[in-house]
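Structure, as structure tokens:
Encoded structure:
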């Protein structure tokens, strides 16, 4: 049995009990509230066990009643450790100084990292951070809360849309998201609208310019759809061709999908462990031992103590052990086909936008092999097929 932290603080004694009736002693001890564990019988009248220091003295009256004798064969825990330190004062002083020095070092900032900056230089970000007290060798408990620091840094860096400050032990990470400067609108120079894809025209609306194609015409990539040149010679003039042209375009997809898939899911069962946070180090105080779950994930939540807005080098860490399980899903070829087609449709909408219209789906090829379904599908999609081409570029050609 693994010792708990409370037993370690009280002190643990390993004893050997001889003579009399050890089994009667165990029964009486249980009735009296004296806890014995790790009981090992070496013979009918001899056994070894463990108990705390307090229960050791409460056991003496029971020893007399059961005619047993006790012999201490081992000691461990905080009281015995402190007693050893008392005998070795110089060692204890050195250990104290070492721990004090380690604690002081853990309360300092040893690394400041800047991430996400592109236009902003690292020197600019570090200069703003230093003005807010974020610098190397700074005492961490003298720093403001990370949320306050994030807001102040964002005010000092107008080029940044968002600034995040994350403190992990002795390291500070400053993450910057810069403002995206909008591209200046393109100058409206004379242009044609041309076909971006091979397609069959289904709709054409010309706002400005001269329509060149009609509905149901087949066009190739690069063909002029709406011309930016209007009027008859010699009175022609160029304009910015505007309008909407839609057409049928064919997209081919090769789909490969396994019939058996694995995914991870949480069962809802969980356990909580607590750790004491001192500086950049932590000490577990509850939830000892390995979790009973075969599969699990640990979610950590830090709770830093503060006083009047000043972060203290103390706190606690809540660790939630969430039980998980692997779910194996087996599909029939028909189900796999439906899932594969749905994934292909989703990819089409992501690539071409939500305004497309899938008119038809033609399954060109399908086979099931080595636990997978292989398909080749041709989608007939109505979509916008126009793109612009400046007239200057065409004249240059």
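Numbering (our numbering), first residue to last: 12 to 408. For each residue, glycine too, the CB sits at the ideal point set by N, CA and C. Small disclaimer: the values here were computed from a predicted structure and weren't measured.
(1) Let me confirm a value: residue 371 is counted as buried when at least 16 other C-beta atoms fall within 10 Å, else exposed. Which label applies?
(2) Which of the three DSSP states is assigned to residue 114 in this structure?
(3) Output the distance between the C-alpha atoms of residue 134 and residue 154, rounded to the nearest integer angstrom.
(4) Given a cut-off of 9 angstroms on the beta-carbon distance, is the pair residue 326 and residue 118 in contact?
(5) Does the beta-carbon of residue 101 have 16 or more other beta-carbons within 10 angstroms, so that it is buried, or is it exposed?
(6) Which residues does DSSP pair with residue 390 in a beta bridge?
(7) For residue 139, I'd like the list of residues in its chain whose CB is within less than 8 angstroms of its CB, leaving aside the five on either flank, ordered along the chain.
(8) Assign residue 178 to one of two classes, buried (16 or more other C-beta atoms within 10 Å of its C-beta) or exposed (fewer than that).
(9) By the DSSP assignment, the beta strand (DSSP E) with residue 272 in it spans what residues?
(10) In three-state DSSP terms, what is residue 314?
(11) In chain order, what residues of the same chain lie with their CB nearer than 7 angstroms to the CB of residue 404, ignoring the 5 residues before and after it?
(12) Count Cβ pairs between the region 50 to 58 and the region 23 to 42 that sit closer than 8 angstroms; are there 3 or more?
(13) Residue 43 lies in the beta strand (DSSP E); which residues open and close that run?
(14) Going by DSSP, which residues form a beta bridge with residue 267?
(15) Go through its chain and collect everything with a Cβ distance to residue 215's Cβ below 6 angstroms, but skip five positions before and after it.
(16) I'd like to check one pair, residue 351 with residue 270: are the Cβ atoms closer than 9 angstroms?
(17) What number of angstroms, rounded off, separates the C-alpha of residue 142 from the C-alpha of residue 160?
(18) Rounded to whole angstroms, how far is the Cβ of residue 21 from the Cβ of residue 88, which I believe are closer than 8 angstroms?
(19) With a CB to CB cut of under 6 angstroms and the five nearest residues on each side skipped, what residues in its chain are close to residue 263?
(20) Which whole-angstrom value is the C-beta distance of residue 204 and residue 244, which I expect to be below 8 angstroms?
(21) Would you tell me roughly how many angstroms separate the C-alpha atoms of residue 188 and residue 122, rounded to the nearest one?
(22) Please state whether the Cβ-Cβ distance between residue 362 and residue 377 is less than 9 angstroms.
(23) Tell me the rounded alpha-carbon separation between residue 366 and residue 394.
(24) Taking buried to mean at least 16 other C-beta atoms within 10 Å of its own C-beta, is residue 83 buried or exposed?
(25) Over what stretch of residues does the alpha helix (DSSP H) that includes residue 306 continue unbroken?
(26) Using the beta-carbon count (16 or more within 10 Å), is residue 70 buried or exposed?
(27) Taking the runs of the alpha helix (DSSP H) that are 4 residues or longer, which of them lie wholly in the region 82 to 126?
(28) Is DSSP giving residue 170 helix, strand or coil here?
Put simply:
(1) Residue 371 sits at position 360 when you count from the first residue of the chain shown. With fewer than 16 other Cβ atoms inside 10 Å of its own Cβ, residue 371 counts as exposed.
(2) The count along the chain shown starts at 1 and reaches residue 114 at position 103. Of the three classes helix, strand and coil, the one that applies to residue 114 here is helix, per DSSP.
(3) Walking along the chain shown from the start, residue 134 turns up at place 123. Walking along the chain shown from the start, residue 154 turns up at place 143. Distance between the alpha carbons of residue 134 and residue 154: 20 angstroms.
(4) Taking the chain shown and counting its residues from 1, the one referred to as residue 326 is at position 315. Taking the chain shown and counting its residues from 1, the one referred to as residue 118 is at position 107. It is not a contact, given that the beta carbons lie outside the stated cut-off.
(5) Reading the chain shown from its first residue, position 90 is the one you call residue 101. With fewer than 16 other Cβ atoms from the protein chains shown falling within 10 Å of its own Cβ, residue 101 counts as exposed.
(6) For the purposes of this step, residue 390 is taken as the residue at position 379 of the chain shown. Its beta-bridge partners are 262, 372.
(7) One-based indexing of the chain shown puts residue 139 at position 128. Hits under 8 angstroms: 164, 167, 168.
(8) Within the chain shown, residue 178 is the residue found at index 167, counting from 1. A residue is called buried when at least 16 other Cβ atoms come within 10 angstroms of its Cβ; residue 178 meets this threshold and is buried.
(9) Your numbering for residue 272 matches position 261 in the chain shown. In the DSSP assignment, residue 272 falls within the beta strand (DSSP E) that extends over 271 to 289.
(10) Translated into the one-based positions of the chain shown, residue 314 becomes position 303. When secondary structure is reduced to three states using DSSP, residue 314 falls in the strand class.
(11) Looking up residue 404 in the chain shown gives position 393. Confidence in residue 404 is poor, its pLDDT being 44 and thus under 50, which makes the residue's placement unreliable; the coordinate value appears in the next sentence. In its chain, beyond the 5 residues on either side, no residue has a beta carbon closer than 7 angstroms to the beta carbon of residue 404.
(12) Result yes; three or more Cβ-Cβ pairs closer than 8 angstroms.
(13) Taking the first residue of the chain shown as position 1, residue 43 is located at position 32. For residue 43, there is no enclosing beta strand (DSSP E), since its DSSP letter is neither H nor E.
(14) In the chain shown, residue 267 corresponds to position 256, counting from 1. Beta bridge pairing from DSSP links residue 267 with 385.
(15) Sequence index remark: in the chain shown, residue 215 carries index 204 (1-based). In the same chain as residue 215, and ignoring 5 residues on each side of it, the C-beta atoms closer than 6 angstroms to its own belong to 222, 256, in chain order.
(16) Position 259 of the chain shown, counting from 1, holds the residue named residue 270. Position 340 of the chain shown, counting from 1, holds the residue named residue 351. Taking 9 angstroms as the Cβ cut-off, residue 270 and residue 351 do not qualify as a contacting pair.
(17) Walking along the chain shown from the start, residue 142 turns up at place 131. Walking along the chain shown from the start, residue 160 turns up at place 149. Approximately 10 angstroms, taken between the alpha carbons.
(18) Working through the chain shown from its first residue, we reach residue 21 at position 10. Working through the chain shown from its first residue, we reach residue 88 at position 77. Indeed they touch by this definition, with Cβ atoms about 7 angstroms apart.
(19) Stepping through the chain shown from its first residue, residue 263 is reached at position 252. Excluding sequence positions up to five before and after residue 263, its CB lies within less than 6 angstroms of the CB of 389, all in the same chain and listed in chain order.
(20) Here the question's residue 204 lines up with position 193 in the chain shown. Here the question's residue 244 lines up with position 233 in the chain shown. With a Cβ gap of about 22 angstroms, residue 204 and residue 244 do not count as contacting.
(21) Working through the chain shown from its first residue, we reach residue 188 at position 177. Working through the chain shown from its first residue, we reach residue 122 at position 111. Per the coordinates, the alpha-carbon of residue 188 lies some 20 angstroms from the alpha-carbon of residue 122.
(22) The residue labelled residue 362 in the question sits at position 351 within the chain shown. The residue labelled residue 377 in the question sits at position 366 within the chain shown. No.
(23) Translated into the one-based positions of the chain shown, residue 366 becomes position 355. Translated into the one-based positions of the chain shown, residue 394 becomes position 383. Whole-angstrom Cα-Cα distance: 7 angstroms.
(24) Against the chain shown, residue 83 aligns to sequence position 72. Residue 83 is exposed by the Cβ-count criterion.
(25) On the chain shown, residue 306 is found 295 positions in, with the first residue counted as 1. Counting along the chain, residue 306 falls outside any alpha helix (DSSP H), and DSSP gives it neither H nor E.
(26) Mapped onto the chain shown, residue 70 falls at position 59. The residue is buried, with at least 16 neighbouring Cβ atoms inside 10 Å.
(27) DSSP runs (the alpha helix (DSSP H)) wholly in the region 82 to 126: 89 to 98, 100 to 117.
(28) The count along the chain shown starts at 1 and reaches residue 170 at position 159. Residue state, collapsed to three classes: coil.
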